């Protein structure tokens with residue numbers, strides 16, 4: 005009997021250890037963490053969705069291609085995680101044009 009689970013991965017530049025946003029964190033994820041995670045998923049036949057901001061996808065396009073080559077789905081969640089104080093949709097429309 006097949007078993008199913010919903011699993012997504014957000015690829016970020018956020019360092020939980022250092023509590024900062026750092027581009028170096030994204031590079032470390034791409035070079036060290038992502039290959040290990042993708043190999044584990046492949047070993048157990050897991051398919052997942054990976055969400056990127058447009059900023060990360062532009063900064064590390066190879067990580068997006070790597071994920072696609074493993075047969076996973078790639079999604080976007082805005083261009084950046086710019087903090088907005090209100091619910092004005094105009095800044096988000098501008099981000100859509102950047103994507």
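Numbering (the working numbering), first residue to last: 5 to 103.
Note that CB positions come from ideal geometry on N, CA and C, so glycine has one too.
Source: prediction; values computed, not measured.
Using the C-alpha atoms, what's the distance from residue j back to residue i?
i	j	result
residue 57	residue 34	14 Å
residue 59	residue 7	34 Å
residue 62	residue 39	19 Å
residue 98	residue 36	33 Å
residue 15	residue 48	21 Å
residue 46	residue 80	22 Å
residue 1	residue 69	This structure leaves residue 1 out entirely; the chain is present only between 5 and 103.
Taking the alpha-carbon of residue i as reference, which of the options has the nearest alpha-carbon?
i	options	result
residue 54	64, 78, 42	78
residue 51	81, 80, 75	75
residue 71	31, 32, 42	42
Answer with buried or exposed for residue i, where buried requires no fewer than 16 other C-beta atoms within 10 angstroms of its C-beta.
i	result
residue 10	exposed
residue 44	exposed
residue 64	buried
residue 83	buried
What residue ranges within the region 36-83 form continuous beta strand (DSSP E) runs of no fewer than 3 residues, ordered along the chain? Listed in chain order, the beta strand (DSSP E) runs fully inside the region 36-83 are 53-56, 77-80, counting runs of at least 3 residues.
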